[in-house]
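Here is the structure we will look at, set down as C-alpha coordinates.
Numbering (the numbering used here), first residue to last: 12 to 257.
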(Lines of atoms letter the chains of each structure in order from A and count residues from 1; the text may use other names and numbers.)
(Lines give C-alpha, C1' and ligand atoms only; values in the text may rest on other atoms or scores of the structure.)
Protein backbone atom coordinates (compact mmCIF):
# COMPACT_ATOMS: atom_id res chain seq x y z
CA UNK A 1 0.00 0.00 0.00
CA UNK A 2 1.29 3.46 -0.87
CA UNK A 3 2.49 5.51 2.07
CA UNK A 4 2.25 9.30 2.24
CA UNK A 5 5.70 10.73 3.04
CA UNK A 6 5.23 14.45 2.43
CA UNK A 7 2.60 17.03 1.61
CA UNK A 8 3.46 20.01 -0.59
CA UNK A 9 1.58 23.30 -0.42
CA UNK A 10 2.10 25.68 -3.34
CA UNK A 11 1.64 29.37 -2.55
CA UNK A 12 2.19 32.55 -4.53
CA UNK A 13 3.58 34.75 -1.73
CA UNK A 14 6.39 34.23 0.79
CA UNK A 15 4.16 35.58 3.56
CA UNK A 16 1.68 32.75 2.87
CA UNK A 17 4.49 30.19 3.22
CA UNK A 18 5.68 31.77 6.46
CA UNK A 19 2.16 31.82 7.90
CA UNK A 20 1.72 28.12 7.15
CA UNK A 21 5.03 27.19 8.78
CA UNK A 22 3.88 29.16 11.82
CA UNK A 23 0.97 26.72 12.08
CA UNK A 24 -1.79 28.73 10.40
CA UNK A 25 -3.98 26.67 8.07
CA UNK A 26 -5.76 28.99 5.62
CA UNK A 27 -8.98 27.35 4.41
CA UNK A 28 -11.70 28.29 1.99
CA UNK A 29 -15.22 26.87 1.71
CA UNK A 30 -15.99 24.37 -1.02
CA UNK A 31 -18.25 26.70 -2.99
CA UNK A 32 -15.32 29.11 -3.52
CA UNK A 33 -13.62 26.65 -5.86
CA UNK A 34 -16.76 26.17 -7.94
CA UNK A 35 -17.08 29.91 -8.41
CA UNK A 36 -13.38 30.20 -9.20
CA UNK A 37 -13.72 28.09 -12.34
CA UNK A 38 -16.87 29.94 -13.35
CA UNK A 39 -15.01 33.22 -12.97
CA UNK A 40 -11.75 32.18 -14.69
CA UNK A 41 -13.29 29.71 -17.15
CA UNK A 42 -10.38 27.37 -16.47
CA UNK A 43 -10.47 24.07 -14.59
CA UNK A 44 -7.47 23.68 -12.31
CA UNK A 45 -7.48 25.39 -8.95
CA UNK A 46 -11.19 25.88 -9.58
CA UNK A 47 -13.66 23.08 -10.27
CA UNK A 48 -17.32 23.75 -11.07
CA UNK A 49 -18.22 20.25 -9.87
CA UNK A 50 -16.65 20.59 -6.44
CA UNK A 51 -18.96 19.09 -3.85
CA UNK A 52 -21.26 17.39 -6.36
CA UNK A 53 -23.00 14.27 -5.11
CA UNK A 54 -24.73 12.58 -8.03
CA UNK A 55 -23.18 11.60 -11.35
CA UNK A 56 -25.15 10.00 -14.17
CA UNK A 57 -23.58 7.95 -16.95
CA UNK A 58 -25.15 8.06 -20.39
CA UNK A 59 -23.55 6.65 -23.52
CA UNK A 60 -20.17 6.38 -21.77
CA UNK A 61 -20.32 10.05 -20.76
CA UNK A 62 -20.56 11.26 -17.16
CA UNK A 63 -22.92 14.10 -16.27
CA UNK A 64 -22.97 15.88 -12.91
CA UNK A 65 -26.41 16.64 -11.57
CA UNK A 66 -26.92 20.04 -9.94
CA UNK A 67 -26.91 18.65 -6.43
CA UNK A 68 -24.15 19.90 -4.13
CA UNK A 69 -23.55 19.08 -0.49
CA UNK A 70 -21.28 20.63 2.16
CA UNK A 71 -20.74 23.81 0.16
CA UNK A 72 -19.87 25.92 3.22
CA UNK A 73 -17.45 23.45 4.78
CA UNK A 74 -13.79 24.62 4.74
CA UNK A 75 -11.06 22.50 3.16
CA UNK A 76 -7.25 22.60 3.16
CA UNK A 77 -5.66 21.11 0.06
CA UNK A 78 -2.10 19.93 -0.56
CA UNK A 79 -0.17 17.81 -3.08
CA UNK A 80 0.73 14.29 -1.95
CA UNK A 81 4.23 12.86 -2.24
CA UNK A 82 4.10 9.10 -1.77
CA UNK A 83 7.08 6.94 -0.84
CA UNK A 84 7.09 5.48 -4.35
CA UNK A 85 7.31 8.99 -5.87
CA UNK A 86 10.79 9.51 -4.42
CA UNK A 87 13.56 8.49 -6.83
CA UNK A 88 17.14 8.95 -5.65
CA UNK A 89 16.04 11.70 -3.29
CA UNK A 90 14.12 13.53 -6.01
CA UNK A 91 10.43 14.10 -6.64
CA UNK A 92 9.11 14.97 -10.11
CA UNK A 93 6.11 17.30 -9.99
CA UNK A 94 4.07 18.04 -13.13
CA UNK A 95 4.45 21.63 -14.26
CA UNK A 96 0.68 21.90 -14.60
CA UNK A 97 0.21 21.40 -10.86
CA UNK A 98 2.19 24.56 -10.17
CA UNK A 99 0.75 26.61 -13.04
CA UNK A 100 -2.80 25.68 -11.95
CA UNK A 101 -2.14 27.58 -8.74
CA UNK A 102 -0.22 30.42 -10.41
CA UNK A 103 2.85 29.70 -8.29
CA UNK A 104 5.61 29.71 -10.91
CA UNK A 105 7.22 32.62 -9.06
CA UNK A 106 6.09 31.46 -5.65
CA UNK A 107 6.99 28.92 -3.01
CA UNK A 108 6.39 25.34 -2.03
CA UNK A 109 6.10 24.41 1.64
CA UNK A 110 7.29 20.82 2.07
CA UNK A 111 5.64 19.18 5.08
CA UNK A 112 6.67 15.89 6.67
CA UNK A 113 3.35 14.08 6.82
CA UNK A 114 3.52 12.02 10.02
CA UNK A 115 4.39 14.85 12.46
CA UNK A 116 1.86 17.06 10.68
CA UNK A 117 -0.78 14.38 11.14
CA UNK A 118 0.03 14.33 14.86
CA UNK A 119 -0.15 18.14 15.03
CA UNK A 120 -3.65 18.05 13.55
CA UNK A 121 -4.82 16.34 16.71
CA UNK A 122 -4.40 19.67 18.51
CA UNK A 123 -6.88 21.12 16.05
CA UNK A 124 -9.13 18.18 16.81
CA UNK A 125 -9.45 19.26 20.42
CA UNK A 126 -11.35 22.34 19.22
CA UNK A 127 -12.94 21.18 15.96
CA UNK A 128 -13.82 17.84 14.52
CA UNK A 129 -12.10 17.09 11.22
CA UNK A 130 -11.23 14.32 8.81
CA UNK A 131 -8.38 14.04 6.31
CA UNK A 132 -7.21 11.82 3.49
CA UNK A 133 -6.38 11.42 -0.18
CA UNK A 134 -8.87 12.37 -2.89
CA UNK A 135 -10.31 9.59 -5.06
CA UNK A 136 -10.06 10.44 -8.76
CA UNK A 137 -13.08 8.57 -9.98
CA UNK A 138 -16.80 9.08 -10.23
CA UNK A 139 -18.83 7.73 -7.31
CA UNK A 140 -21.21 4.95 -8.21
CA UNK A 141 -24.91 5.63 -7.95
CA UNK A 142 -25.06 3.47 -4.83
CA UNK A 143 -22.20 5.45 -3.26
CA UNK A 144 -23.90 8.73 -4.15
CA UNK A 145 -27.18 7.66 -2.59
CA UNK A 146 -25.40 6.54 0.57
CA UNK A 147 -23.47 9.82 0.86
CA UNK A 148 -26.66 11.80 0.39
CA UNK A 149 -28.74 9.79 2.85
CA UNK A 150 -26.04 9.41 5.51
CA UNK A 151 -25.14 13.11 5.28
CA UNK A 152 -21.39 12.54 5.26
CA UNK A 153 -18.64 14.71 3.79
CA UNK A 154 -17.48 11.82 1.61
CA UNK A 155 -18.47 13.73 -1.53
CA UNK A 156 -15.57 16.12 -0.88
CA UNK A 157 -13.11 13.27 -1.42
CA UNK A 158 -14.22 12.48 -5.00
CA UNK A 159 -13.05 14.40 -8.05
CA UNK A 160 -13.12 13.83 -11.79
CA UNK A 161 -10.29 11.65 -13.18
CA UNK A 162 -9.28 14.75 -15.16
CA UNK A 163 -7.64 16.14 -11.99
CA UNK A 164 -5.65 13.00 -11.18
CA UNK A 165 -2.33 14.77 -11.78
CA UNK A 166 -3.04 17.01 -8.74
CA UNK A 167 -2.69 14.08 -6.28
CA UNK A 168 -4.60 15.97 -3.66
CA UNK A 169 -4.78 15.48 0.09
CA UNK A 170 -7.61 17.22 1.93
CA UNK A 171 -8.41 18.26 5.45
CA UNK A 172 -12.12 18.89 6.03
CA UNK A 173 -13.10 20.78 9.19
CA UNK A 174 -16.51 20.27 10.76
CA UNK A 175 -17.60 23.87 10.68
CA UNK A 176 -19.42 26.21 8.34
CA UNK A 177 -17.22 29.11 7.34
CA UNK A 178 -20.11 31.57 7.43
CA UNK A 179 -21.02 30.75 10.56
CA UNK A 180 -23.32 29.94 12.95
CA UNK A 181 -23.27 26.17 13.17
CA UNK A 182 -20.63 23.55 13.72
CA UNK A 183 -20.70 20.03 12.37
CA UNK A 184 -19.45 17.07 14.39
CA UNK A 185 -17.51 14.66 12.20
CA UNK A 186 -16.40 11.13 12.96
CA UNK A 187 -12.92 10.05 11.89
CA UNK A 188 -14.57 8.61 8.78
CA UNK A 189 -16.13 11.96 7.99
CA UNK A 190 -19.70 11.19 8.99
CA UNK A 191 -21.75 13.97 10.52
CA UNK A 192 -23.05 13.39 14.02
CA UNK A 193 -25.63 14.95 16.31
CA UNK A 194 -27.30 17.30 13.84
CA UNK A 195 -29.29 17.05 10.67
CA UNK A 196 -28.32 19.58 8.07
CA UNK A 197 -30.99 20.90 5.76
CA UNK A 198 -30.08 19.83 2.26
CA UNK A 199 -31.24 23.16 0.91
CA UNK A 200 -30.45 25.36 3.88
CA UNK A 201 -27.12 26.64 2.62
CA UNK A 202 -27.47 28.05 -0.89
CA UNK A 203 -24.36 28.70 -2.96
CA UNK A 204 -22.92 32.17 -2.57
CA UNK A 205 -22.09 34.47 -5.45
CA UNK A 206 -18.38 35.14 -5.94
CA UNK A 207 -17.08 38.68 -6.09
CA UNK A 208 -13.34 39.00 -5.57
CA UNK A 209 -13.59 42.73 -4.88
CA UNK A 210 -16.18 42.46 -2.13
CA UNK A 211 -16.26 39.18 -0.27
CA UNK A 212 -13.91 36.19 -0.23
CA UNK A 213 -14.73 34.28 2.95
CA UNK A 214 -12.11 32.10 4.57
CA UNK A 215 -11.00 30.97 7.97
CA UNK A 216 -7.56 30.38 9.48
CA UNK A 217 -7.22 27.41 11.82
CA UNK A 218 -4.28 27.63 14.21
CA UNK A 219 -2.30 24.59 15.33
CA UNK A 220 -1.04 24.67 18.91
CA UNK A 221 2.59 24.78 17.77
CA UNK A 222 4.44 25.92 14.69
CA UNK A 223 5.67 23.52 12.00
CA UNK A 224 9.30 24.62 11.89
CA UNK A 225 10.60 21.20 12.94
CA UNK A 226 8.97 19.37 10.04
CA UNK A 227 8.21 21.92 7.31
CA UNK A 228 10.39 24.11 5.11
CA UNK A 229 9.82 26.57 2.31
CA UNK A 230 11.50 26.35 -1.08
CA UNK A 231 11.35 28.88 -3.91
CA UNK A 232 9.81 27.43 -7.06
CA UNK A 233 12.41 29.25 -9.16
CA UNK A 234 15.17 27.26 -7.43
CA UNK A 235 13.77 23.90 -8.54
CA UNK A 236 15.38 22.02 -11.39
CA UNK A 237 13.35 21.60 -14.58
CA UNK A 238 12.96 18.41 -16.58
CA UNK A 239 10.83 18.98 -19.69
CA UNK A 240 7.31 19.49 -18.32
CA UNK A 241 8.23 18.69 -14.71
CA UNK A 242 9.75 20.43 -11.73
CA UNK A 243 12.35 18.44 -9.79
CA UNK A 244 12.19 18.78 -6.01
CA UNK A 245 15.31 17.59 -4.19
CA UNK A 246 14.51 16.33 -0.69
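Cβ atoms here follow ideal geometry from the backbone N, Cα and C, with glycine treated the same way.
Contact annotation: the stretch 22-31 touches the stretch 106-123, with at least three C-beta pairs closer than 8 Å. Taking C-beta separations shorter than 8 Å and ignoring five residues to either side along the sequence, the partners of residue 257 in its chain run 17, 97, 100, 101, 102, 121, following chain order. By the CB criterion at 9 Å, residue 124 and residue 15 fall inside the cutoff. When the five nearest sequence neighbours on each side are left out, the beta carbons in the same chain lying within less than 8 Å of the beta carbon of residue 179 are those of 88, 89, 90, 91, 144, 145, 170, in order along the chain. Residue pairing by DSSP puts residue 22 in a beta bridge opposite 118. Residue 85 is positioned such that its CB atom lies closer than 9 Å to that of residue 228. In this model, residue 161 and residue 247 are separated by some 46 Å (Cα to Cα). Residue burial is scored here from C-beta neighbours: residue 249 has fewer than 16 other C-beta atoms within 10 angstroms and is therefore classed as exposed.
Classified as buried, residue 155 has 16 or more neighbouring CB atoms from the shown chains inside 10 Å of its CB. In the structure shown, the three-state DSSP call for residue 179 is strand. One alpha carbon belongs to residue 35, the other to residue 129, and they sit about 15 Å apart. For residue 108, the enclosing alpha helix (DSSP H) stretches over residues 106-111. Put simply, the backbone Cα of residue 251 is about 10 Å away from that of residue 108. Within 10 angstroms of the beta-carbon of residue 148 lie fewer than 16 other beta-carbons, which makes it exposed.
Judged by DSSP secondary structure, residue 242 falls within the beta strand (DSSP E) whose first and last residues are 238-242. Residue 236 counts as exposed, since fewer than 16 other beta carbons sit within 10 angstroms of its beta carbon. Nearest Cα to residue 28 within the set 175, 94, 117, 224: 117.
Take the alpha-carbon of residue 135 and the one of residue 232: they are about 13 Å apart. Residue 246 carries a coil assignment under DSSP once its states are collapsed to helix, strand and coil. In the displayed model, residue 35 falls within a strand according to three-state DSSP. Secondary-structure assignment with DSSP links residue 98 through a beta bridge to 101. DSSP, reduced to helix, strand and coil, places residue 225 outside both helices and strands of the structure shown, so it counts as coil.
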